[in-house]
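Asks:
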Amino acid sequence: MSKRLSRRTILRGAGGAAIALPWLEAMAPRRALAAARPVRRFIVMFSANGTIPSAWTPTAGTSETDFTLSPILAPLEPHKSDIVVIGGLEQKGGGGDGHQTGMGGMLTGQMLNSGPFAGVGAAPAGWPMGASVDQRIAEGLAVPTRLRSLELGVQVGAADNWGRMIYRAANQPLPPDDDPASVYARVFSDLHTDPAVVARLRRRRKSILDGVGGQFTRVSARLGSADRQRLDAHLTAVQEIESRLTTDLVVNNPSCHDPTISPVSTTANDAFPTAGALQMDLLTMALACDITRVASLQWSRSVSQTRFTWLNITQGHHDLSHRPDSEPDAVTSLTSINNWYARQFAGLISRLKATPDGAGGTLFDNTLLLWCNELAKGNTHGRVGAPYVLAGSAGGALRTGRYLSYDGRGLPHNNLLVSILNAVGVPDTTFGKPDWCTGPLTGLL
Amino acid sequence: MSRRCSALIAFPVLVASACGGDGVATETLPLCADDPGPAPLRRMTRFEYGRTVADLTGVPASVADQLPPDEETLGFDDIAAAYSVSTLHAARYLDVAEQAADALVADDVRRPAVAGCDPSSGDATCVSDFIAGFGRRAWRRPLEPDELQSMQQLYTDTADPGPTDGLAGVVAAMLQSPQFIYRPEPTAAPMGAAAGALEPYALATRLSLLLTGAGPDDTLLAAAASGGLDTEDGLLAQTDRLLAGPRAAELFVHVATQWWEVAAIPTLDKDRSLYRTWTDATPAALAEETRLFLADAWQAAPNLKALLTAPTTFVDADLATFYGLPVPGGTGFQRVDLDPARAAGLLTQGSFLAEHAKADQTSPVLRGKFVRAKLFCSAPPPPPPDIVVRPPTVDPRLSTRQRFAQHTADDRCAGCHVLMDPIGFAFEHYDAAGRWRDIDGGQAVDATGDLTGTDVDGALDGVPSLAARLAGSAQVAHCTATQWFRYAFGRAEQSQGDLCTVGKLAAAFKGPTGDGDFKKMVRATVRMAAFRNRAPGGSP
């Protein structure tokens, strides 16, 4: 991302040819403000159903920088100096069954409200009582990118609180898009469309959405308060996509190009790795084009029954995760599954490292990544010692190449979320449920 | 544990008799009038949205698959309290609306049909008629003057470069409007008053979405306009007209596949090293079998018995081979008779059996739990939190029954699993893919079981013995009415008024002979206060 606004903006067309567009004067002040601050990006990656703590935990050496990666985390060896492995925190949460609690609290640090989703052994629960950390980052960074954030999924499927982790605010889940083809069409269309056509379409959509917004206001006024809240939330969403129409895609990074895409099933079990790889490609390109700076990649959902046939594992993941530690084949399979996810996380890191940033260096240099899970362990539904791996320094804010164990200290993961906010430049002192959080995570930043 | 479980079982019958009775058909409208219950603002489901947009513009209903999935709870896709909205929703509504609008204005038959003239000429009168005509269908009521004016303005703003662009702009806006996506419902009663009768257009919308899963057609809107829905006879005449059409059968399939938890079959997969005949094509074929069977059962009267016990199904050559049945003559799916000693309606279809099984083994728990939760409406409580729940490992030397012995050996499990497993064991002749088997774990299948804590208790041996009991159960009939209530009103039953409504629906469903007739229950629904009235001001 260039900090010099005199540079002409570049849109790369489908053929890779550079198309010069005139700078839109109206956009200059907002962009200038944003450009004056260093670029910071945040990505969260989720995998489900807990892990095998004994196979996840690194072996500590003489200092926090002296450690040996575990069988599960071994694929991160090439990036070992760029990650921070964090063990021993309690992933806070409440309401719903173990998986619901974990999904809801993982990125929000909040309880679930009561609601319509009846879990196992618990009162029916709804959505969390607050926003997720990535959404707080999007709000705090306040960069007028085309998309405030980008939620990508891999076979996440049904809409309920077992399958949602990103929350715009309390009770406002943001569904991930499971289909790479639709992400491509929605996110990158400007890159392969004639600019004159884009401009016309924007004017037209502005008129249409203005009309739609007027209808929402009109209908809402005639409803009771609960119903009105529903329509007002929808109106806010309409206004947000309308505001995208006035947010120009300002591309100053030569690595930004129209990505290639091939059709992939969004439901076939064995298409899981392929769909995920495509989503990671798209995510990387969305950052390169500065379409967004906040993104998430959600591999399936809690309680997911993905069958990792490409690892020669045929039992469903959730069923496997419930089997006891005394059954070695289950432990081996779960270790393989989590190791596979570590490979995916490593692949995402590699993509960012391989993509130059407009201002020099790579996308990875100014990015912070978090890999998390709704549980620590599947067969207990425990959340103490939930597995967290951070990657990237967020422009030097985070010292990497470390393993930090907080075992036995009873610290809430809310503190980690505060430190994540601080690392990317959001100076909050607390996050999530206030009486859980005790401030930034000691010793991290 | 066991005390907790047994206490739950009797519940549905108690509420069944709260205010029921078999005289539903002769009672005066509306029924259960004291309390229509809450009526939270509903949004069209993806199913309803797709069908309605297809009717209006000619795009395929599958256009709605681009919308984010609907929240599902209570087993249904239309429970208003669960719905959320996001920018992804708004972005997709925009995309779909534009696709539908473009299709309509490019259609040289549909476009002029909207107003009886071709608005693509830009003729001002014709454009106005198009806006009013399309608006009335899309918004399910005539547009008010200021609405017409704002849509006219939108036409002017978007008619660039030509009139069809303006028409498409108007259509795209109307299809994203809350008047289309949601179901705002005016009543004749003032705000703050007691429950009042719905205005005729709102009633028409409820009726059409309930019976056809799509917005009202011209005939129904005309009836609303002319007072045709104001009388019992008029309302029931429209009800019968819609019930007789193909749309009602499709709606029934939509509801029943959710009730039977087989709506997600197309994405089901099995361990193909164990189930070698399971192919990429199998899930779709199983879904089609169930669709055809349900549509057929809808035409039967009474039909609960057919659903539960009919020894018939629909297969094509590939599916017959999958099941090991004789290949039927003809092309495509054919109705075939099955061995009544083995087959019993939906209960022995691959869709139901494979869905209620694991990828690599059957699950007496899932099958038994379905029967308890969805047919008796008395779900066993979940396992205590300190128990590590795990399905037993597949062992080729042991039968499923032997591998699940832990559930009866461990007291903490036995109390509740005795409510599920002995029902599930009756399904053991059907493997995890839904195919008949005589051998399991190297041993002859033992499909004996036990049904307890119901109004039709007794020993079981195979699915047909279970099906016969279910078909004769008043509890199952009442539970069916409860499931229908949840779908029809988009919410859980909660108030005394709701229990009254469910009781009336169950009475209509059972009829004097107790046979279970869905059409009669659906017809009774429109007679309920909960259907015809609403409390002003939306949900509390």
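Sequence lines, in order, name chains A and B. In terms of the numbering used here, the numbers along the first sequence are unbroken and rise by one, the last being 445. In terms of the numbering used here, the numbers along the second sequence are unbroken and rise by one, the last being 1540. Think of the CB as a built atom: it goes at the ideal place given N, C-alpha and C, for glycine as much as any other residue. If you're wondering where the values come from, they're calculated on a predicted model, not measured in any experiment.
#1: So is B:H1089 in contact with chain A if we call contact Cβ pairs under 8 Å?
#2: For A:I83, which of helix, strand or coil comes out of DSSP?
#3: At the 8 Å Cβ level, is B:K1374 part of the contact set with chain A, yes or no?
#4: Taking the continuous beta strand (DSSP E) assigned at A:T260, which residues delimit it?
#5: Beta-carbon within less than 7 Å of B:T1045's beta-carbon, same chain only, minus the 5 sequence neighbours each way: which residues are those?
#6: Does the beta carbon of B:P1246 come closer than 8 Å to any beta carbon on chain A?
#7: Does chain A have any CB closer than 8 Å to the CB of B:G1490?
#8: Evaluate the contact criterion for the region 1118-1137 of chain B versus the region 248-268 of chain A: three or more CB pairs, one atom per stretch, below 8 Å.
#9: How would you write the range of the beta strand (DSSP E) that A:N113 sits in, first residue to last?
#10: With a cut-off of 8 Å, does the C-beta of A:L441 fall near any C-beta of chain B?
#11: Please list the partners that A:E240 has in chain B, where partner means a Cβ-to-Cβ separation under 8 Å.
#12: Report the neighbours of B:K1358 on chain A: residues whose CB is nearer than 9 Å to its CB, in chain order.
#13: What's the C-alpha gap between B:A1432 and B:D1440?
#14: State whether the region 36-43 of chain A contacts the region 366-373 of chain A, with contact taken as three or more CB pairs (one from each stretch) at a distance under 8 Å.
#15: Within 10 angstroms of the Cβ of A:S54, are there 16 or more other Cβ atoms? Answer buried if so, exposed if not.
#16: Considering only residues of the same chain and omitting the five flanking positions on each side of A:P324, which have a CB-CB separation below 7 Å?
#17: Under 8 Å between the Cβ atoms of B:V1476 and B:I1423?
#18: For chain B, is any of its Cβ atoms less than 8 Å away from the one on A:R204?
#19: Rounded to the nearest angstrom, how far is the Cβ of A:R204 from that of B:G1169, given a contact under 8 Å?
#20: So does the region 96-106 of chain A actually touch the region 296-312 of chain A, counting three or more Cβ pairs closer than 8 Å?
#21: Can the beta-carbon of B:A1103 be found less than 8 Å from the beta-carbon of B:G1058?
#22: Which residue from B:G1037, B:L1094 and B:A1080 puts its Cα closest to that of B:A1064?
#23: Sorted by chain position, which residues of the same chain lie with C-beta nearer than 6 Å to A:Q110's C-beta, five sequence neighbours on each side aside?
#24: How many angstroms separate the CA atom of B:A1113 from the CA atom of A:Q215?
#25: At what residues does the alpha helix (DSSP H) containing A:Q215 begin and finish?
#26: Give me the DSSP bridge partner(s) of A:Y403.
#27: Between A:V133 and the ligand FAD, is the CB less than 7 Å from at least one heavy atom?
#28: Using the three-state DSSP reduction, which class does B:C1266 fall into: helix, strand or coil?
#29: Anything in the region 1305-1325 of chain B with a Cβ closer than 9 Å to a Cβ of chain A? List those residues in chain order, please.
#30: Which residue's Cα is closest to the Cα of A:V251: A:D190, A:F272, A:L245 and A:A221?
#31: Using a Cβ-Cβ cut-off of 7 Å (strictly less than) and excluding sequence neighbours within five positions of B:M1521, which residues of its own chain qualify?
#32: Kindly list, in the order they appear in chain A, the residues whose Cβ is closer than 9 Å to that of B:L1154.
#33: Is the CB of A:N269 under 8 Å away from at least one CB in chain B?
#34: For B:W1298, name the three-state secondary structure that DSSP assigns.
#35: Can you look up B:W1259 in the DSSP assignment and give me helix, strand or coil?
#36: Whole angstroms are fine: how far does the CA of A:H257 sit from the CA of A:L21?
Replies: In terms of the structure at hand:
#1: Translated into positions along the second sequence, residue 1089 of chain B becomes position 89. Taking Cβ atoms only, chain A reaches closer than 8 Å to B:H1089, which makes this a yes.
#2: What you label residue 83 of chain A is simply residue 83 of the first sequence in a count that begins at 1. Residue state, collapsed to three classes: strand.
#3: For this step, residue 1374 of chain B is matched to residue 374 along the second sequence. By this cut-off, B:K1374 is not an interface position.
#4: Numbered from its first residue, the first sequence carries residue 260 of chain A at position 260. Where A:T260 is concerned, there is no enclosing beta strand (DSSP E), given that its DSSP letter is neither H nor E.
#5: Position 45 of the second sequence holds residue 1045 of chain B. Cβ neighbours of B:T1045 beyond the five flanking positions: D1070, D1077 and D1078.
#6: Position 246 of the second sequence, counting from 1, holds the residue named residue 1246 of chain B. No - not a single Cβ of chain A is within 8 Å of the one on B:P1246.
#7: As a working mapping, residue 1490 of chain B is identified with position 490 in the second sequence. B:G1490 does not count as touching chain A.
#8: no
#9: Looking up residue 113 of chain A in the first sequence gives position 113. It spans L112 to F117 - the beta strand (DSSP E) in which A:N113 sits, taken as one unbroken run.
#10: Within the first sequence, the letter at position 441 stands for residue 441 of chain A. For A:L441, the answer is no, since every Cβ of chain B falls outside 8 Å of its Cβ.
#11: As a working mapping, residue 240 of chain A is identified with position 240 in the first sequence. Those are T1087 and A1090, listed as they occur along chain B.
#12: On the second sequence, residue 1358 of chain B is found 358 positions in, with the first residue counted as 1. Result: Q305, Q315, G316 and D319.
#13: Counting from 1 along the second sequence, the entry for residue 1432 of chain B is found at position 432. Counting from 1 along the second sequence, the entry for residue 1440 of chain B is found at position 440. Computed Cα separation, rounded: 11 Å.
#14: yes
#15: Locating residue 54 of chain A in the first sequence gives position 54, where the first residue counts as 1. By the 10 Å Cβ count, A:S54 comes out exposed.
#16: Position 324 of the first sequence, counting from 1, holds the residue named residue 324 of chain A. So the qualifying residues of the chain are N379.
#17: Position 476 of the second sequence holds residue 1476 of chain B. Position 423 of the second sequence holds residue 1423 of chain B. Not closer than 8 Å, so no.
#18: As a working mapping, residue 204 of chain A is identified with position 204 in the first sequence. Yes, its Cβ sits closer than 8 Å to a Cβ of chain B.
#19: Here residue 204 of chain A refers to the residue found at position 204 when the first sequence is read from its first residue. Here residue 1169 of chain B refers to the residue found at position 169 when the second sequence is read from its first residue. Indeed they touch by this definition, with Cβ atoms about 6 Å apart.
#20: yes
#21: On the second sequence, residue 1103 of chain B is found 103 positions in, with the first residue counted as 1. On the second sequence, residue 1058 of chain B is found 58 positions in, with the first residue counted as 1. Against a cut-off of 8 Å, the Cβ pair of B:G1058 and B:A1103 comes out as a contact.
#22: As a first step, residue 1064 of chain B is located in the second sequence; it is residue number 64 there, counting from the start. When only C-alpha atoms are compared, the closest one is B:L1094.
#23: One-based indexing of the first sequence puts residue 110 of chain A at position 110. Counting only Cβ-Cβ distances below 6 Å, and skipping sequence neighbours, we find P128, M129, G130, G432 and K433.
#24: Against the second sequence, residue 1113 of chain B aligns to sequence position 113. Against the first sequence, residue 215 of chain A aligns to sequence position 215. B:A1113 and A:Q215: Cα-Cα distance of roughly 26 Å.
#25: Residue numbering aside, residue 215 of chain A sits at position 215 when the first sequence is read from its first letter. Start and end: P195 to S220.
#26: As a position in the first sequence, residue 403 of chain A is number 403, starting the count at 1. A:Y403 pairs with A:V85.
#27: The model on display carries no ligand, and the ligand FAD is accordingly not part of it.
#28: For the purposes of this step, residue 1266 of chain B is taken as the residue at position 266 of the second sequence. Per the sequence shown, the amino acid found at residue 1266 of chain B is Pro instead of Cys. In the structure shown, B:P1266 sits in a helix (DSSP, three-state: H, G or I).
#29: none
#30: As a working mapping, residue 251 of chain A is identified with position 251 in the first sequence. Ranking A:D190, A:F272, A:L245 and A:A221 by Cα distance to A:V251 puts A:D190 first.
#31: For the purposes of this step, residue 1521 of chain B is identified with residue 521 of the second sequence, where counting begins at 1. A1481, W1484, L1505, A1508 and F1509.
#32: As a working mapping, residue 1154 of chain B is identified with position 154 in the second sequence. Result: S207, I208, D210 and G211.
#33: One-based indexing of the first sequence puts residue 269 of chain A at position 269. Yes, contact with chain B.
#34: Position 298 of the second sequence holds residue 1298 of chain B. DSSP places B:W1298 in helix when its eight states are reduced to three.
#35: Taking the second sequence and counting its residues from 1, one reaches residue 1259 of chain B at position 259. Note: B:W1259 maps to helix in three-state DSSP.
#36: Here residue 21 of chain A is taken as the residue at index 21 of the first sequence, counted from 1. Here residue 257 of chain A is taken as the residue at index 257 of the first sequence, counted from 1. Only weak support exists for where A:L21 lies, its pLDDT of 36 falling under 50; the coordinates are left without a value.
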